[in-house]
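Asks: Residue numbers (my numbering), protein chains in the order written: chain A, 1 to 197; chain B, 198 to 394.
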DNA sequence: AAAATATGTCACCAAGCGGTGATTTATGTC
DNA sequence: GACATAAATCACCGCTTGGTGACATATTTT
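1. Our contact map puts residue 389 of chain B next to residue 293 of chain B with C-beta atoms below 8 Å; I'd like the distance itself, whole angstroms only.
2. Checking contacts by CB at 8 Å: is residue 346 of chain B closer than that to chain A?
3. So, is residue 125 of chain A buried or exposed, given that buried needs 16 or more other C-beta atoms within 10 angstroms?
4. If the criterion is Cβ atoms closer than 8 Å, does the pair residue 362 of chain B and residue 301 of chain B meet it?
5. With a threshold of 6 Å on Cβ separation, who are the neighbours of residue 332 of chain B within its own chain once the five nearest residues in sequence on each side are excluded?
6. Run through DSSP, which three-state label would residue 100 of chain A get?
7. Less than 8 Å between CB atoms is the rule here; does residue 176 of chain A satisfy it with respect to chain B?
8. When you compare each of B:350, B:234, B:327 and B:208 to residue 263 of chain B by their alpha carbons, which one comes out closest?
9. Using a beta-carbon distance below 8 Å, is residue 257 of chain B in contact with chain A?
10. Assuming contact is defined by CB atoms lying nearer than 8 Å, are residue 102 of chain A and residue 69 of chain A in contact in what I supplied?
11. Suppose you measure from the CA of residue 214 of chain B to the CA of residue 239 of chain B; what does that come to, to the nearest Å?
12. Take residue 189 of chain A and list the residues in its own chain whose beta-carbon comes closer than 6 Å to its own, dropping the five residues that flank it on each side.
13. Excluding the 5 residues preceding and the 5 following residue 373 of chain B in the sequence, name in chain order all residues of the same chain whose CB lies nearer than 7 Å to its CB.
14. Would you kindly work out how many angstroms separate the C-alpha atoms of residue 49 of chain A and residue 383 of chain B, rounded to a whole number?
15. Excluding the 5 residues preceding and the 5 following residue 297 of chain B in the sequence, name in chain order all residues of the same chain whose CB lies nearer than 7 Å to its CB.
16. Would you say the region 113–122 of chain A touches the region 52–62 of chain A, given that touching needs at least three Cβ pairs under 8 Å?
17. Scan the region 294–306 of chain B for residues whose Cβ lies nearer than 7 Å to a Cβ of chain A and list them as they occur along the chain.
18. Closer than 9 Å, Cβ to Cβ, to anything on chain B: give me those residues from the region 149–172 of chain A, in chain order.
19. Does the separation of the CB atoms of residue 98 of chain A and residue 152 of chain A fall below 8 Å?
20. Residues in the same chain with beta-carbon distance under 6 Å from residue 1 of chain A, minus the five sequence neighbours each way, listed in chain order, please.
21. Report the partner residues of residue 370 of chain B according to the DSSP bridge assignment.
22. Does chain B have any CB closer than 8 Å to the CB of residue 145 of chain A?
23. State yes or no: is the C-beta of residue 158 of chain A nearer than 7 Å to some heavy atom of the ligand FMN?
24. By the criterion of Cβ-Cβ separation under 7 Å, what are the contact partners of residue 115 of chain A in chain B?
25. Does residue 237 of chain B have its Cβ less than 8 Å from a Cβ in chain A?
26. Would you say residue 391 of chain B faces chain A, with C-beta separation under 8 Å as the test?
27. Rank A:140, A:26 and A:9 by C-alpha distance to the C-alpha of residue 84 of chain A and give the top, closest one.
28. To the nearest whole angstrom, what separates the beta carbons of residue 255 of chain B and residue 209 of chain B, a pair I think is in contact under 8 Å?
29. Under 8 Å between C-beta atoms, does residue 227 of chain B make it to chain A?
30. Would you call residue 23 of chain A buried or exposed, if buried means 16 or more other Cβ atoms sit within 10 Å of its Cβ?
31. Roughly how far, in whole angstroms, is the beta-carbon of residue 346 of chain B from the beta-carbon of residue 392 of chain B, given that I think they are within contact range, below 8 Å?
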């Protein structure tokens with residue numbers, strides 16, 4: 001019935017990888033599985049086992065180019081203070097994450113899955129984000145409590161974006177249109193500059 | 198085979214509700230369903246349909262006593278500044294959420310589920326948390342940007358707790374034993390006091 | 001005691017899942 | 001052109017899920 005796809009191992013391999021990303025980004029991790037990915041790719045699920053050894057291998061393969069999901073980090077402004085740099089980075093992460101449903105779904109999945117099940121993907125993502133930050137930081141010196149402050153910023157941003165995606169707000173703050181996000185960005189910027197005097 | 202449970206509608210009703218909470222708290226929302234709840238309650242799933250009209254009704258019923266999940270809010274200290282009060286509240290929420298796997302799973306579920314599917318529970322929880330805060334605030338006057346600052350605090354705390362539950366850390370910060378959490382609490386307190394001068 | 005009702009259980013259905021062996025068929029090689 | 005290999009599909013398995021109708025029995029009412 002269904003016309004078999006043209007025979008091309010490389011292309012099919014790539015198509016499966018792409019289908020995995022699309023499936024996760026569009027439908028979340030809840031219905032993510034061999035059937036859903038194969039459906040999205042338009043081929044038989046057997047090929048997932050043949051080419052990746054199963055879902056596990058497919059996830060590992062996804063981790064391979066996870067670095068490209070984030071895009072290029074913003075460059076550190078010449079002569080900027082650490083506070084300005086941190087504010088810029090927060091802003092950049094906020095917009096990047098907001099525009100990246102795949103990354104959102106992955107973060108959510110990591111929070112929901114049994115520890116270890118997503119290890120390869122988690123490690124790849126964590127490494128990629130570290131590089132993102134390090135590449136942007138240049139040779140700025142970190143204040144003493146920068147670790148905590150930045151963790152709070154990143155954590156809050158993630159929670160905002162994830163909550164907004166499902167309910168359009170967080171703790172009373174509306175997070176729907178661009179104006180809402182602009183307000184939030186400006187507010188965060190002022191907080192950051194107050195925290196890094 | 199299985200001895201039928203003694204016939205008592207009230208008790209069975211309550212047992213199902215309790216089983217729902219236990220199932221969610223212990224196994225998360227991923228495997229939450231009529232089968233799992235009925236298994237936990239030790240009765241037939243049919244009773245869920247008879248007494249609650251299905252999972253939906255069971256969730257609504259769970260929303261009924263969601264207020265009791267949080268426990269009593271900390272009382273506002275006499276003559277305290279808003280900054281001190283906010284720091285206390287952050288501390289209280291951090292420890293309360295950390296000790297409450299059911300609430301953790303519910304928050305995670307709300308972030309992962311299709312909007313609307315959890316509406317009754319979400320509304321009940323949001324209302325309960327509002328009351329928690331309002332009851333604690335007393336008649337302290339809120340600074341101008343308190344809404345944003347508190348949102349950032351709550352968001353960060355939630356992300357910390359959720360991430361710690363699955364991976365034991367967040368963005369490099371270790372969040373395993375009590376000492377880790379004490380350090381985080383102290384750090385947050387200092388940040389709060391810097392933000393509310 | 002007999003009948004009616006309420007409570008609880010069982011047996012089954014269709015659908016979806018992860019996973020696997022067997023089968024077709026296009027492609028490259030001799 | 002005949003053959004081997006590799007790419008893709010098909011057909012099926014066991015299991016779990018949400019959901020429902022039929023059944024058994026304890027409890028109350030008549």
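Backbone N, C-alpha and C fix where the C-beta goes; we use that ideal spot for every residue, glycine too.
Replies: In brief:
1. The sequence position of residue 389 of chain B within the second chain is 192, counting from 1. The sequence position of residue 293 of chain B within the second chain is 96, counting from 1. Rounded, the Cβ-Cβ distance is 17 Å, inconsistent with contact.
2. Here residue 346 of chain B refers to the residue found at position 149 of the second chain. At least one C-beta of chain A is nearer than 8 Å to the C-beta of residue 346 of chain B.
3. Here residue 125 of chain A is taken as the residue at index 125 of the first chain, counted from 1. Counting Cβ neighbours within 10 Å, residue 125 of chain A comes out buried, since at least 16 surround it.
4. Position 165 of the second chain holds residue 362 of chain B. Position 104 of the second chain holds residue 301 of chain B. Yes, the Cβ-Cβ distance between residue 362 of chain B and residue 301 of chain B is below 8 Å.
5. Residue mapping note: residue 332 of chain B aligns to position 135 of the second chain, counting from 1. Only 270 meet the Cβ criterion.
6. Taking the first residue of the first chain as 1, we reach residue 100 of chain A at position 100. In the structure shown, residue 100 of chain A sits in coil (DSSP, three-state: anything other than H, G, I, E or B).
7. Position 176 of the first chain, counted from the start, is the residue given in the question as residue 176 of chain A. It does not: the Cβ of residue 176 of chain A has no partner Cβ on chain B nearer than 8 Å.
8. Numbered from its first residue, the second chain carries residue 263 of chain B at position 66. Nearest in C-alpha terms to residue 263 of chain B, of all of B:350, B:234, B:327 and B:208, is B:327.
9. Translated into positions along the second chain, residue 257 of chain B becomes position 60. Residue 257 of chain B does not count as touching chain A.
10. For the purposes of this step, residue 102 of chain A is taken as residue 102 along the first chain, with counting starting at 1. For the purposes of this step, residue 69 of chain A is taken as residue 69 along the first chain, with counting starting at 1. Result yes, Cβ atoms of residue 102 of chain A and residue 69 of chain A sit closer than 8 Å.
11. Locating residue 214 of chain B in the second chain gives position 17, counting from the first residue. Locating residue 239 of chain B in the second chain gives position 42, counting from the first residue. Taking the straight line from one Cα to the other gives about 12 Å.
12. Against the first chain, residue 189 of chain A aligns to sequence position 189. Hits under 6 Å: 87.
13. Indexing the second chain from 1 puts residue 373 of chain B at position 176. Take residue 373 of chain B, set aside five residues on each side of it, and the residues of its chain with a beta-carbon closer than 7 Å to its own are 365, in chain order.
14. Position 49 of the first chain, counted from the start, is the residue given in the question as residue 49 of chain A. Position 186 of the second chain, counted from the start, is the residue given in the question as residue 383 of chain B. Distance between residue 49 of chain A and residue 383 of chain B, taken at the CA atoms: about 50 Å.
15. In the second chain, counting from the first residue as 1, residue 297 of chain B sits at position 100. Residues of the same chain with a CB within less than 7 Å of the CB of residue 297 of chain B, apart from the 5 flanking positions on each side, are 266 in chain order.
16. The region 113–122 of chain A is in contact with the region 52–62 of chain A.
17. Answer set for the region 294–306 of chain B: 305.
18. Listed by position, the residues of the region 149–172 of chain A near chain B (Cβ gap below 9 Å) are 149, 150, 151, 152, 153, 154, 155, 156, 157, 158, 159, 160, 162, 163, 165, 166, 167, 168, 170, 171 and 172.
19. For this step, residue 98 of chain A is matched to residue 98 along the first chain. For this step, residue 152 of chain A is matched to residue 152 along the first chain. No, the Cβ-Cβ distance between residue 98 of chain A and residue 152 of chain A is not below 8 Å.
20. Counting from one through the first chain, the residue named residue 1 of chain A turns up at place 1. Unreliable placement is indicated for residue 1 of chain A, whose pLDDT of 49 sits below 50; no coordinate value is reported for it.
21. Numbered from 1 along the second chain, position 173 holds the residue referred to as residue 370 of chain B. Residue pairing of residue 370 of chain B in beta bridges, as defined by DSSP: B:367.
22. Counted from its first residue, the first chain places residue 145 of chain A at position 145. With 8 Å as the cut-off, residue 145 of chain A counts as an interface residue toward chain B.
23. Absence of the ligand FMN is noted for the structure shown, with no ligands found whatsoever.
24. The sequence position of residue 115 of chain A within the first chain is 115, counting from 1. 363 and 364, listed in chain order.
25. Along the second chain, one-based indexing puts residue 237 of chain B at 40. Not closer than 8 Å to any Cβ of chain A, the Cβ of residue 237 of chain B fails to qualify, so no.
26. In the second chain, counting from the first residue as 1, residue 391 of chain B sits at position 194. Output row for residue 391 of chain B: interface = yes.
27. Against the first chain, residue 84 of chain A aligns to sequence position 84. It is A:140 whose Cα lies nearest to the Cα of residue 84 of chain A.
28. Taking the second chain and counting its residues from 1, the one referred to as residue 255 of chain B is at position 58. Taking the second chain and counting its residues from 1, the one referred to as residue 209 of chain B is at position 12. With a beta-carbon spacing of about 13 Å, residue 255 of chain B and residue 209 of chain B fall beyond the 8 Å limit used to define contacts.
29. As a working note, residue 227 of chain B is residue 30 in the second chain. Yes, residue 227 of chain B lies at the interface with chain A (some Cβ there is under 8 Å from its Cβ).
30. As a working mapping, residue 23 of chain A is identified with position 23 in the first chain. Buried, since its Cβ has 16 or more Cβ neighbours within 10 Å.
31. Here the question's residue 346 of chain B lines up with position 149 in the second chain. Here the question's residue 392 of chain B lines up with position 195 in the second chain. Taking C-beta atoms under 8 Å as the contact rule, residue 346 of chain B and residue 392 of chain B qualify, at a distance of about 5 Å.
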